[in-house]
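Protein chains in written order, with this note's numbering: chain A, 5 to 267; chain B, 5 to 267; chain C, 5 to 267; chain D, 1064 to 1308; chain E, 1064 to 1308; chain F, 1064 to 1308.
Written out below as structure tokens is the structure these notes cover.
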Amino acid sequence: MTGSIAKIKQKQMEQLLSKGKRLDDRGLTDYREITLEQGIIERAEGSARVFLGKTEILVGIKIATGKPFPDTPDAGVLTVNCELVPLASPDFEPGPPGEKAIEIARVVDRGIRESKAIDVKKLCIKAGKNVFVVFVDVYVLNHDGNLIDASALAAVAALLNTKMPNYEIEDDTVKITQGYTPLTLKSRPITVTIAKINDKLVVDPQLKEEQVMDSRISIAINDEGSICAIQKGGAGYFTTQQIKEATKLAKEKAEEIRKKMGW
Amino acid sequence: MTGSIAKIKQKQMEQLLSKGKRLDDRGLTDYREITLEQGIIERAEGSARVFLGKTEILVGIKIATGKPFPDTPDAGVLTVNCELVPLASPDFEPGPPGEKAIEIARVVDRGIRESKAIDVKKLCIKAGKNVFVVFVDVYVLNHDGNLIDASALAAVAALLNTKMPNYEIEDDTVKITQGYTPLTLKSRPITVTIAKINDKLVVDPQLKEEQVMDSRISIAINDEGSICAIQKGGAGYFTTQQIKEATKLAKEKAEEIRKKMGW
Amino acid sequence: MTGSIAKIKQKQMEQLLSKGKRLDDRGLTDYREITLEQGIIERAEGSARVFLGKTEILVGIKIATGKPFPDTPDAGVLTVNCELVPLASPDFEPGPPGEKAIEIARVVDRGIRESKAIDVKKLCIKAGKNVFVVFVDVYVLNHDGNLIDASALAAVAALLNTKMPNYEIEDDTVKITQGYTPLTLKSRPITVTIAKINDKLVVDPQLKEEQVMDSRISIAINDEGSICAIQKGGAGYFTTQQIKEATKLAKEKAEEIRKKMGW
Amino acid sequence: MKKKNKKLIDKKGLRMDGRKPDELRSVKLEVGILPNADGSAYIEMGKNKILAAVYGPKEMHPKHLARSDRMVLRCRYHMAPFSVQERKSPAPSRREVEISKVIRDSLVPAIFVENYPRTGIDLFIEVLQADGGTRCAGITAAALAIAEAGIPMRDLVVACAAGKVDETIVLDLMDTEDKVGSADVPVALMPNLNAITLLQMDGILNPDEFEEALNLALKGCKKIYEMQREALKTKYVNLKEVEEQ
Amino acid sequence: MKKKNKKLIDKKGLRMDGRKPDELRSVKLEVGILPNADGSAYIEMGKNKILAAVYGPKEMHPKHLARSDRMVLRCRYHMAPFSVQERKSPAPSRREVEISKVIRDSLVPAIFVENYPRTGIDLFIEVLQADGGTRCAGITAAALAIAEAGIPMRDLVVACAAGKVDETIVLDLMDTEDKVGSADVPVALMPNLNAITLLQMDGILNPDEFEEALNLALKGCKKIYEMQREALKTKYVNLKEVEEQ
Amino acid sequence: MKKKNKKLIDKKGLRMDGRKPDELRSVKLEVGILPNADGSAYIEMGKNKILAAVYGPKEMHPKHLARSDRMVLRCRYHMAPFSVQERKSPAPSRREVEISKVIRDSLVPAIFVENYPRTGIDLFIEVLQADGGTRCAGITAAALAIAEAGIPMRDLVVACAAGKVDETIVLDLMDTEDKVGSADVPVALMPNLNAITLLQMDGILNPDEFEEALNLALKGCKKIYEMQREALKTKYVNLKEVEEQ
């Protein structure tokens, strides 16, 4: 979008917002429609697909055995990776993850890790030797804004759908055996992103809104309603008052989604 | 070559071909002169140099010990790599192998692997622990077309020339000992490439022919005259009839080369 | 600097040099002021900062345990790396080390390695299994010429300041224990760089001199006054006579610096 | 490496998943499912699940890749990390680089590239789940994506493999048959021009077996072509319905 | 992973390094220390030792990164291999890529980027020694470097973290508190505009605790801002003295 | 690391391969052996087998590398994976990057680069088999390749090493002498201008030993220079014969 067209679009959007309206007729604090499917990739130990309006995210979980980190010998490993797959947008290019993909992966990771959703101690097979590695691969298939919330939601849904391989230890070697045991999550964090456009706070920005927003804040809320991760983004700022408003909004919207998901 | 010059060249070539002639006076199904030298790199466990007209390929074989792949614990490892060395052509640039080099390596690999030329079980030292790794490095030194056939031939010739290090197992560790044992090949696959230019099939295209060809097909033939690998390339097509003709031609030319090589 | 300005600068410098003078009033064989601080990075096992005029180099030493190289199972590992940190000069760009940084690292490495400053046998913990790895990271913080001498000096100073972790071997595993033991150096090589500008030899070229020099020669001198490494650089040449002069000069200047450093 | 231990064809002549030797796996095709792409398609073929999307025609970027006498097709075949048994690194493997090249070579003959000099189109094929024959299924979906993008084509392109397992020539090998069987012959076809645009072979076949496999693969291609046409028709009927509303 | 074994606050309510919960570590700021850079600053904050340098404004290179409606700020936050306990590879980690981005987003709001279209500035932050809170200390130094480079700013930017250790909300976490504590909230502020330009959180806080931590961090920012002003003043007094000689 | 166990000089004062201390290995030189290159040469020096090829002068690509006041020489010294005892990864090592640089610096003084502004030449040196002294042998071959490409030169460049093994100064060290010996001094010379364009040293030599080694290396250079001239003459005699046919 060239600068001048962007400015006209921004004007229109601002006029709408000043009346409490948005491009797609949503209210300022409404999410777009959320659709969730789990288990669609049978090859993966867990998977989920989330549509957030036209934004489409597929998350696949793979389980491998590996070595623990030296400083946490009795803990399994959680690895979150995000690919902005080039078929999802004319703006995505093939190649290793850039700063945008890395930010999404790290914000999703933080929500899961800090909420202690996964008990990493339970992923330990033999302290210092063998642990389970949980690969969370976030695959963006269509980009229409708010990739963080959709990715975080799909990641948790895929983990809820994950089956861990059974195993035996025989003469110091790990042997994977028949069958699976479900992975249990201790928390189901939900991340809510709020954009600031022309000094208004709007929930779940679509792509066109992201293109004109001042800044955004993403807040992950755990089962108890506490905050377990925050990320401010974008080349703008928030006032203290706006931060307070945003955290309140995030808590409400997270509860709403939690109810909808049945979590 | 700019588009217009290419078109004039193509015209000339097509006129020749319609009379059953080629730029260098060969018949449509004739190979250029093939020269083979073996053992010219004494440092390598095996080596061979092939001239196919002005195309020059050097293959060196290095043997190392390593770990088997987890899914084939009792099999050694074969690795084929191809470098389009920048001194071979103004079109080659330094850097990691691109799609052209990768295709050559993989087609050479397929011919050797699928013909079961190497008994990978015999490369196993201690199942699950130590195996021999056979590195086949294809080095293109001058590019005048048909790199696939010259590379495949040089690779087999270098393997026929390869000596495996002797070893002992002492207290679970592999010790390389004095002397060598020749590597025995169970098959000597020969790859024949046929280009389609103006609806004519020509064997062993030189560079100028490759620049105007519609497409090419490379067919590897094992000792018994069976097909053990095929690769179609180029932005054109073949009819079913042409494929049949090509496979017949490939079998004939492979036998001819096999005889010439004394294999 | 564009070509024409460079030529005017060069003329000025040459006129000065013909009178035995330099841009900053130094004599042809004078070093700029050298300042050395050791131990400024407490987190590192050793560190030193050298100012050579406005050139600023920080070297940090990290010690890790690792495996020896297969061909030297009873020797520790020395690794020198150089980063031309982009904040040091408008000409430095972020990214992996280029040829300039690699050359500095390798010349610094050679001075230390060839003078046998570090007894790598003493870095062996258990032959073939565990050794200490000494990481010497050369960090260029401001570039005003003669990075090689400043880097080599800072590297030796940082090694002189290095404390090795104590350890015990228990059931075949290495356990790092309390306390440290100083690393002792068997030699303190000093590297002297001499540039040739308009057929004059000048010691310790500053950046403006490097930009117009024909070539340079860097000579490392060990404690006994022997030469332990040489590197000629730059797109010019030296006569045999100039080489002899340069080695004599290098020996004198190295002794001078050695005295100044109290080494 | 091909192993021979498993029994791939039972006494009744049926395959592990109950198919007859010349039977295709179930195929599901959808056209136009990715809103941002200029053209897109989705294929399920057995347990394969693959997306293809096209962006373009557009100016080539970087410019030096443009060609003054034709459109350039760039193609990236890529597998999702979770599409296979052992997690695959998202960095392109040598296998993916080669397959990207042969897929490109299989599709270019169908496009009037000479009519659109200096332009480029980007084709992305993402394997979400792999079950043998992904390159063929990818080509079949990609041709639909190109068609949906409105890029003029001489013909569609459709692909299918045949091969040999337990001494029998079979159609459309699934993963285990591909790995344990003795030969695999992927083929791509422009069905109305009878032009073969992809042909590869792994394994060992004598010339007669090869011809049999090739013919069987071509038969498979023609069956899938009917489904391709159906999928395009469905798409445009749906489109028309939407427009008429 | 946060562990809870260590006692981070003693019976007197003091922290491991003797600080009170709302006490900053000692801060040392210097402006203009790298001769080649257009602007530079050095910060020590506890054991953190960090350099920041600015090159520009200048033409963007490569050109396609320039923007017709504003100045582009590029930012690289990087840790020296010897800055941490285990040697860090000099190649940028994912953590460094993310922090580079949030630091850039924290500084851009303070620069009149719209007044300098088509130009760019490069900001480099090098962590020579790390002790918790490097991104905040880096921002504080970077703002001074930008100011010294003469780039017109709406306001300075200053950053500080607060967090929770042993059930207490504390200011300016050092390394162990960051690793073993239960939450960390780094904040950047434009102090005269009262605008928060960086906000992140790790760990778990209920909404009240979060508000308390945010307010404490903002208090910390304001204290450090006074030191920033002092450092700039010192710089320009020195400069004046030099000029007057 | 230099080890001292092996006896490198026997009682008669001869080296492991029977050479006297001041004796060169057998050298074989061929000019113009790669048809596609603008200039090329092949050298065997003991067991070293090395190819050098030149492409150019030509327009620099990418353009921003061109220089308005001179020709740019790019140089890549590279070892084949099979050229050494343990297979070498084909990716350029730090050693190869450094040697590429010093080789370039050793050849540029011989070329009238100032006469061909904005152009570039690419020099590729491929070590097919390595046996100590590859950089010197590579330079000797490269100078012939540049000459064959018709690029005007002030002088040829020729290179040879001397060093110290078992307390003796020796000429032209082979692999074992290089690894086990106590010093190695590679030197490149423009023989008619008496100009040293490459000089490196590894190991320990006192100033007198160094001077002795340098002088011996220069003697070696002059001997090889005669062979270079011979090789060029042979090439052009052959060429004349071809033309006269």
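Ideal Cβ placement from N, Cα and C applies to all residues, glycine included.
What residues from chain A crowd round residue i, counting only those whose CB sits closer than 8 Å?
i, result
"E:VAL1233", "Simply none; closest approach about 17 Å."
"D:GLN1148", "ARG47"
Flag residue i as yes if its beta-carbon sits less than 8 Å from any beta-carbon of chain A, otherwise no.
i, result
"D:ARG1158", "no"
"D:LYS1285", "no"
"D:LYS1249", "Correcting the residue identity first, residue 1249 of chain D is Pro in this sequence and not Lys. Cβ-Cβ to chain A under 8 Å: no for D:PRO1249."
Strictly under 8 Å for the Cβ-Cβ distance: is residue i near chain D by that measure?
i, result
"A:MET5", "Summary for A:MET5: the model assigns pLDDT 45, below 50, so the residue's position carries little reliability; its value from the coordinates is reported in the next sentence. For A:MET5, the answer is no, since every Cβ of chain D falls outside 8 Å of its Cβ."
"B:ILE194", "no"
"A:PHE136", "no"
"A:PRO169", "no"
"A:PHE139", "yes"
In chain B, which residues lie less than 7 Å from residue i when you measure between Cβ atoms?
i, result
"D:MET1123", "None at all; the shortest Cβ gap to chain B is about 16 Å."
Any beta carbon of chain C sitting closer than 8 Å to that of residue i?
i, result
"F:MET1264", "yes"
"F:PRO1254", "no"
"F:ASP1168", "yes"
"E:LEU1219", "no"
"F:MET1064", "Residue placement at F:MET1064 is flagged as unreliable, the pLDDT there being 39, under the threshold of 50; the coordinate-derived value follows with that caveat. Interface residue, yes."
Kindly say whether residue i, judged by its beta-carbon, lies nearer than 8 Å to any beta-carbon of chain F.
i, result
"B:TYR184", "no"
"B:ALA154", "no"
"B:ILE38", "no"
"C:PHE55", "no"
State the start and end residues of the unbroken alpha helix (DSSP H) segment that holds residue i.
i, result
"E:SER1163", "1157-1170"
"C:VAL124", "Note, C:VAL124: premise wrong, no alpha helix (DSSP H); not H, not E."
With the cut-off set at 8 Å, would you say residue i and residue j are in Cβ contact?
i, j, result
"C:ILE180", "C:PRO193", "no"
"D:ASP1241", "D:ASP1247", "yes"
"E:ALA1309", "E:VAL1147", "In the structure as shown, chain E starts at 1064 and stops at 1308, and residue 1309 of chain E therefore has no counterpart that could be examined."
"D:PRO1257", "B:THR243", "With the sequence shown as reference, residue 1257 of chain D is identified as Asn, and Pro is not the correct amino acid for it. Cβ atoms of D:ASN1257 and B:THR243: closer than 8 Å."
Closer than 9 Å by beta-carbon distance: list the chain A residues that pair up with residue i, in chain order.
i, result
"E:LYS1164", "GLU103, LYS104, ILE106, GLU107, GLY237"
Please list, in chain order, the chain F residues whose beta carbon lies closer than 8 Å to that of residue i.
i, result
"B:GLY80", "The premise fails here: B:GLY80 is roughly 15 Å from chain F at the closest Cβ pair, so nothing lies under 8 Å."
"B:ASN85", "PRO1144, PRO1153"
Quick check: is the beta carbon of residue i nearer than 8 Å to any beta carbon in chain E?
i, result
"C:ASN226", "no"
"A:ILE12", "no"
Which residue comes first and which comes last in the beta strand (DSSP E) that contains residue i?
i, result
"C:ARG262", "No beta strand (DSSP E) holds C:ARG262; the alpha helix (DSSP H) holding it covers 244-265."
"A:SER219", "219-225"
"D:ARG1312", "The structure shown has nothing for residue 1312 of chain D, since chain D only spans 1064 to 1308."
"A:SER51", "50-56"
Could you work out which residues of chain A lie near residue i, taking near to mean beta carbons separated by less than 7 Å?
i, result
"D:LYS1070", "The premise fails here: D:LYS1070 is roughly 21 Å from chain A at the closest Cβ pair, so nothing lies under 7 Å."
"E:VAL1171", "ALA239"
Residue i versus chain D: which residues are under 7 Å apart at the beta carbon?
i, result
"A:GLU213", "In chain order: nothing, as chain D lies at least about 16 Å away."
Using the rule of at least 16 other Cβ atoms within 10 Å of the residue's Cβ for burial, across every protein chain shown, is residue i buried or exposed?
i, result
"B:CYS86", "buried"
"E:ARG1217", "exposed"
"E:LYS1066", "Here E:LYS1066 scores only 46 on pLDDT, less than 50, and its place in the model is too uncertain to base an answer on."
Give the residues of chain F in contact with residue i, contact being defined as C-beta atoms less than 7 Å apart.
i, result
"C:GLU97", "Under the 7 Å cutoff, chain F gives no residues; its nearest Cβ is about 13 Å from C:GLU97."
Do we get a CB-CB distance below 8 Å when we pair residue i with the residues of chain B?
i, result
"D:LEU1281", "yes"
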